[in-house]
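*Asks:* Questions regarding the structure given below will be posed in turn.
Protein chains: 2
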Amino acid sequence: MKKDTLLTISERTGYSVSTVSRVLSGQGPKYRIAQKTIDYITEVARSCNYTPNLIAHSLRTNRTNTIGLIVPNIDNPFFSTLAAIIINQFKMRGYTLLLTDTMESETNEVQAVNTYVSRQVDGIIVVPVGNSPGYLEDIAGSIPVVLIDRYFEDTTLPYVCTDNYSGGYMATEYLINKGYRKLMAVQGVRTSMPNRERMRGFLQAASDHSASGVRKRTAGDSFSVENGYKETMAAMTSGDRPDAIFAFSTTILLGVIKAVKELGLRIPEDVALISFDNNRFLDYLDPAITRIEQPLHTIGEIATDSIIRMIESEDGHVSGQFQILIRPSLIEGRSC
Amino acid sequence: MKKDTLLTISERTGYSVSTVSRVLSGQGPKYRIAQKTIDYITEVARSCNYTPNLIAHSLRTNRTNTIGLIVPNIDNPFFSTLAAIIINQFKMRGYTLLLTDTMESETNEVQAVNTYVSRQVDGIIVVPVGNSPGYLEDIAGSIPVVLIDRYFEDTTLPYVCTDNYSGGYMATEYLINKGYRKLMAVQGVRTSMPNRERMRGFLQAASDHSASGVRKRTAGDSFSVENGYKETMAAMTSGDRPDAIFAFSTTILLGVIKAVKELGLRIPEDVALISFDNNRFLDYLDPAITRIEQPLHTIGEIATDSIIRMIESEDGHVSGQFQILIRPSLIEGRSC
DNA sequence: CTATTTTGCGCAATCGTTTGCGCTTTTACT
DNA sequence: AGTAAAAGCGCAAACGATTGCGCAAAATAG
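Chains as they are written, first to last, in the working numbering: chain A, 26 to 361; chain B, 26 to 361.
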């Protein structure tokens, strides 16, 4: 089983490479190749167990049927779930996926994009880190690019993201409706768009209900367990304890829980908890945590659909100015 | 920014495509291209912002610098962690990764492998589902293949896996040393090699200590929450309750916990728990769960190293008969 | 039985790079 | 000055597939 090419089959059958190519790519009828020729060539190809060389195919057709996916950290369940959805979507459509993990580094991201361009991918889906869409906008001029999960403010790049503002608002209002008044939000990286939007939702909801005595405070600066732990410790040992904490991510939540338990406080009696992002484990914590669930499936599907549409409609240049925010939903636990 | 090729640069500079190619691939000195020529061409290339076409490069050189990774379910934290490790390892070595999620289907796996062969990947790392290594062994004749996490019994395929027998033995002995005597193991898919090995370890440890009154029983048939729940319910409501349960996976464990809690039983007073596979969340459950941790990092590194060595040593045909089992370790929680 | 159409297929260029070989022009040496 | 060696670069053939164009043979028409 060395190397089987069209040339091999051509020699074996006596037909030209062109004919073999047309037959094996299913263009036989279109080029009026005789049915018996088609059958014959097909048969020989199978017996050789011929495998088409997709590299050569790509070079010639200028299509690789490959999509590049770039995420900040595939080890994060949030992104691995998202990746799983996207990978499967694309497989169903006949595309294969190149995956890069940037580890939240913009340098890695730029490098990954360049690699993808070099590899002539048909499209790129990226969860951008950093705040400089410039180079992505350049690329988007020649290759379809779609942002997911995070986006930029003044950009023409298409994106599909969660409506984090709504999520933040929703969670906060839920706490308020449950009777909590002294709210604390523990946020992640402040410059990141999802974080800012969640915060905006939190602040807006709190001030919309300031008349009923709702007071708010914010803390934190990273999507990490340590951050949640540290801020919670500080707040709960201060003179003015919050009665409810809104963790902006699951990692932050874990830190919050750790601190709360170490302090011997009960959830939700002493302090209520609500969190952002869903995870199966949250149902098994004690108590199960109420959280905002991002519509990952919808995001993955829309992103996939649109990028494929962009690829296939490429009448010379790429157009696709759609920017979509999808409302998340709330999953109730017993932590409020 | 249309398309910049060697030809473009060749025309712009007046030098031949060959010269441009040699310069831009760093072979300038080797072919004694004048330094000023090198500088000039390099400069022009940058100003055009030339991007090499890796497809053409691959076609010519017969190397794609691409590795195919096949996992059964990227949404499973176990595999996403493993994938993250492998992806990063390969990135550091200059390879890009194609990722496929087979969703535990052998059909998908075969298809994925074929796609990879077609795409001329330089190597394949696969967590195989199913029990028919045949087609993989064929492939391995022409492309380096390494199995991870799961392997086949009578195969020449190289693999790097956890020593699941040791893990099973270790967990069981731990329970016994803690004083538990009525042990139950809830297993996953019975035909899968890791499951069988864990079971073998469990049974062996139990019978090695049968003199001290250790009794064993087994149940279950799938790596799912439902399975853990169902079997635990059955066992704990039977006349003969186990005093310790060994869950063969995190998912099974979650089911076990669910049942235990619903029955109002305490961990570890009423029943002790130990589980296979590590996960950050296990420390936040109440109580933190004692578990066997698989050496994912080591597995990822060895697999990467060896496949790269196989690729680079390819003096015509692939050789690499190494089959490695790595001992897992035990992380203590408070569930025993 | 000739003229036209249809059928069935092959030629050769092309995609963008790499690379073995060889051709000029310098430079060095005696 | 004459010759040999070295420096600097280009030709053209790959890699394996696709595809516009066109040619011969067979079928149909007239």
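Where is the CB? At the ideal position from N, CA and C, for every residue including glycine.
As the structure is a computational prediction, the values presented were derived from the model and not from experiment.
Report yes or no: is there a C-beta of chain A within less than 8 Å of the C-beta of Y309 (chain B)?
*Replies:* The residue you call residue 309 (chain B) lines up with position 284 of the second sequence. Chain A, which has a Cβ nearer than 8 Å to the Cβ of Y309 (chain B), makes this yes.
*Asks:* Which stretch, first to last residue, makes up the beta strand (DSSP E) that contains L122 (chain B)?
*Replies:* The residue you call residue 122 (chain B) lines up with position 97 of the second sequence. Residues T121 to D126.
*Asks:* Where E129 (chain B) and I99 (chain B) are concerned, what is the direct C-alpha to C-alpha distance, given to the nearest angstrom?
*Replies:* Taking the second sequence and counting its residues from 1, the one referred to as residue 129 (chain B) is at position 104. Taking the second sequence and counting its residues from 1, the one referred to as residue 99 (chain B) is at position 74. Each residue's alpha carbon lies about 10 Å from the other.
*Asks:* Run the CB neighbour count on E256 (chain A), radius 10 Å, all protein chains shown included, and call it buried at 16 or more, exposed below.
*Replies:* Numbered from its first residue, the first sequence carries residue 256 (chain A) at position 231. With 16 or more other Cβ atoms within 10 Å, it is buried.
*Asks:* Terminal residues of the continuous alpha helix (DSSP H) containing I333 (chain A)?
*Replies:* Residue mapping note: residue 333 (chain A) aligns to position 308 of the first sequence, counting from 1. Counting along the chain, the alpha helix (DSSP H) containing I333 (chain A) begins and ends at L321 to E337.
*Asks:* Looking at chain A, which residues of the region 294–326 of chain B have a Cβ within less than 9 Å of any of its Cβ atoms?
*Replies:* Hits within the stretch, in order: N304, R305, F306, L307, D308, Y309, L310 and D311.
*Asks:* Got a sec: is the Cβ-Cβ distance from Q145 (chain A) to anything in chain B below 8 Å?
*Replies:* Locating residue 145 (chain A) in the first sequence gives position 120, where the first residue counts as 1. It does: the Cβ of Q145 (chain A) has a partner Cβ on chain B nearer than 8 Å.
*Asks:* With DSSP collapsed to three states, give me the class of M93 (chain A).
*Replies:* On the first sequence, residue 93 (chain A) is found 68 positions in, with the first residue counted as 1. Correcting the residue identity first, residue 93 (chain A) is Gly in this sequence and not Met. Looking at G93 (chain A) - three-state DSSP - the assignment turns out to be strand.
*Asks:* Use the C-beta contact count for G341 (chain B): other C-beta atoms within 10 angstroms, 16 or more gives buried, fewer gives exposed.
*Replies:* Here the question's residue 341 (chain B) lines up with position 316 in the second sequence. Caution is warranted here: a pLDDT of 38 is assigned to G341 (chain B), below 50, making its placement in the model unreliable, and the coordinate value is therefore given only provisionally. Classification of G341 (chain B): exposed, given that the 10 Å Cβ count is below 16.
*Asks:* How long is the line joining the alpha carbons of L307 (chain B) and D308 (chain A), rounded to whole angstroms?
*Replies:* Indexing the second sequence from 1 puts residue 307 (chain B) at position 282. Indexing the first sequence from 1 puts residue 308 (chain A) at position 283. C-alpha separation (whole angstroms): 13 Å.
*Asks:* Should I168 (chain B) and G148 (chain B) be called a contact, given that it needs their Cβ atoms to be closer than 8 Å?
*Replies:* As a first step, residue 168 (chain B) is located in the second sequence; it is residue number 143 there, counting from the start. As a first step, residue 148 (chain B) is located in the second sequence; it is residue number 123 there, counting from the start. The answer is yes: Cβ separation under 8 Å.
*Asks:* Ordered along the chain, which non-local residues of its own chain (more than five positions away) have a Cβ less than 8 Å from that of Y194 (chain B)?
*Replies:* Along the second sequence, read from residue 1 onward, the residue named residue 194 (chain B) stands at position 169. Correct list, in chain order: G226, F227, Q229 and A230.
*Asks:* Could you list which residues in chain B have their beta carbon closer than 9 Å to that of P77 (chain A), in chain order?
*Replies:* For the purposes of this step, residue 77 (chain A) is taken as the residue at position 52 of the first sequence. Ordered by position in chain B, the residues that pass the 9 Å Cβ test against P77 (chain A) are S143.
*Asks:* Please report the distance separating the alpha-carbon of V343 (chain A) from that of I336 (chain A).
*Replies:* Numbered from 1 along the first sequence, position 318 holds the residue referred to as residue 343 (chain A). Numbered from 1 along the first sequence, position 311 holds the residue referred to as residue 336 (chain A). Model confidence at V343 (chain A) stands at a pLDDT of 46, short of 50, so the residue's coordinates are unreliable; what they give is reported in the following sentence. Answer to the nearest angstrom: the Cα atoms are 8 Å apart.
*Asks:* Would N113 (chain B) count as contacting chain A if we go by Cβ distances under 8 Å?
*Replies:* As a working mapping, residue 113 (chain B) is identified with position 88 in the second sequence. Cβ-Cβ to chain A under 8 Å: yes for N113 (chain B).
*Asks:* For chain A, check one thing: does any of its Cβ atoms lie closer than 8 Å to the Cβ of A284 (chain B)?
*Replies:* By one-based count along the second sequence, residue 284 (chain B) stands at place 259. Output row for A284 (chain B): interface = no.
*Asks:* Do F248 (chain A) and S274 (chain A) have their C-beta atoms within less than 8 Å of each other?
*Replies:* Counted from its first residue, the first sequence places residue 248 (chain A) at position 223. Counted from its first residue, the first sequence places residue 274 (chain A) at position 249. Taking 8 Å as the Cβ cut-off, F248 (chain A) and S274 (chain A) qualify as a contacting pair.
*Asks:* Would a check of beta-carbon distances place S105 (chain B) closer than 8 Å to chain A?
*Replies:* The residue labelled residue 105 (chain B) in the question sits at position 80 within the second sequence. Chain A contact via Cβ: present.
*Asks:* I'd like the list of long-range same chain contacts for I115 (chain B), defined as Cβ closer than 7 Å, with 5 residues on each side in sequence excluded.
*Replies:* Sequence index remark: in the second sequence, residue 115 (chain B) carries index 90 (1-based). Reading off the sequence, residue 115 (chain B) comes out as Phe, not Ile. Same-chain partners within the cutoff: I92, L122 and T329.
*Asks:* Decide if the region 316–334 of chain A is in contact with the region 186–201 of chain A; the criterion is three or more beta carbon pairs, one per stretch, under 8 Å apart.
*Replies:* Because the criterion of three Cβ pairs below 8 Å is met, the region 316–334 of chain A and the region 186–201 of chain A touch.
*Asks:* Could you please give me the residues that DSSP links to S217 (chain A) through a beta bridge?
*Replies:* Residue numbering aside, residue 217 (chain A) sits at position 192 when the first sequence is read from its first letter. Its beta-bridge partners do not exist; DSSP assigns none.
*Asks:* Relative to the alpha-carbon of D126 (chain B), which residue among A:R37, A:Y190, A:G245 and A:L107 has its alpha-carbon at the smallest distance?
*Replies:* Numbered from 1 along the second sequence, position 101 holds the residue referred to as residue 126 (chain B). When only C-alpha atoms are compared, the closest one is A:L107.
*Asks:* Which whole runs of the alpha helix (DSSP H) in the region 111–173 of chain A are 4 residues long or more, in chain order?
*Replies:* Within the region 111–173 of chain A, the complete alpha helix (DSSP H) runs of at least 4 residues are 131–143 and 159–165.
*Asks:* Indicate the three-state DSSP secondary structure (helix, strand or coil) for I282 (chain A) in the structure shown.
*Replies:* Position 257 of the first sequence holds residue 282 (chain A). Here I282 (chain A) sits in helix by DSSP.
*Asks:* Whole-angstrom Cβ separation of R223 (chain B) and F301 (chain B), contact assumed at under 8 Å?
*Replies:* Working through the second sequence from its first residue, we reach residue 223 (chain B) at position 198. Working through the second sequence from its first residue, we reach residue 301 (chain B) at position 276. The Cβ separation is near 6 Å, so the contact holds.
*Asks:* Should S35 (chain A) be counted as a contact of the ligand MG given a C-beta to heavy atom distance under 7 Å?
*Replies:* Summarising the ligand content, the structure contains no ligands, and the ligand MG is consequently not present.
*Asks:* Would you mind giving the Cβ-Cβ distance between P267 (chain B) and I292 (chain B), rounded to the nearest angstrom? I have them listed as a contact below 8 Å.
*Replies:* The sequence position of residue 267 (chain B) within the second sequence is 242, counting from 1. The sequence position of residue 292 (chain B) within the second sequence is 267, counting from 1. That pair is no contact at about 13 Å.
*Asks:* May I ask you to verify whether the region 31–49 of chain B touches the region 63–80 of chain B, counting CB pairs closer than 8 Å and requiring at least 3?
*Replies:* The region 31–49 of chain B, when compared against the region 63–80 of chain B, does touch it at the 8 Å Cβ threshold.
*Asks:* Please report how far the alpha carbon of L79 (chain B) lies from the alpha carbon of L94 (chain B), in whole angstroms.
*Replies:* Working through the second sequence from its first residue, we reach residue 79 (chain B) at position 54. Working through the second sequence from its first residue, we reach residue 94 (chain B) at position 69. Going from the Cα of L79 (chain B) to the Cα of L94 (chain B) covers about 20 Å.
*Asks:* Could you tell me the alpha carbon to alpha carbon distance between N332 (chain B) and I150 (chain A), rounded to whole angstroms?
*Replies:* Numbered from 1 along the second sequence, position 307 holds the residue referred to as residue 332 (chain B). Numbered from 1 along the first sequence, position 125 holds the residue referred to as residue 150 (chain A). Sequence inspection shows Ile at residue 332 (chain B); the Asn mentioned does not correspond to that position. Going by the C-alpha atoms only, they are around 28 Å apart.
*Asks:* Using three-state DSSP, classify S235 (chain A) as helix, strand or coil.
*Replies:* Translated into positions along the first sequence, residue 235 (chain A) becomes position 210. In the structure shown, S235 (chain A) sits in a helix (DSSP, three-state: H, G or I).
*Asks:* I'd like to confirm the pairing. Which residues does DSSP put opposite K207 (chain B) in its beta bridges?
*Replies:* By one-based count along the second sequence, residue 207 (chain B) stands at place 182. The partner list for K207 (chain B) (beta bridge, DSSP) reads B:R240.
*Asks:* Is it true that the CB of P97 (chain B) sits closer than 8 Å to the CB of V135 (chain B)?
*Replies:* Stepping through the second sequence from its first residue, residue 135 (chain B) is reached at position 110. Stepping through the second sequence from its first residue, residue 97 (chain B) is reached at position 72. No, these two residues do not count as a Cβ contact at 8 Å.
*Asks:* From this set, B:L161, B:L298 and B:V146, which residue's C-alpha is nearest T89 (chain B)'s C-alpha?
*Replies:* Here residue 89 (chain B) refers to the residue found at position 64 when the second sequence is read from its first residue. Looking at the Cα atoms, B:V146 is the closest of the given residues.
*Asks:* By the criterion of Cβ-Cβ separation under 7 Å, what are the contact partners of D100 (chain A) in chain B?
*Replies:* Position 75 of the first sequence, counting from 1, holds the residue named residue 100 (chain A). Result: S105, T106 and A109.
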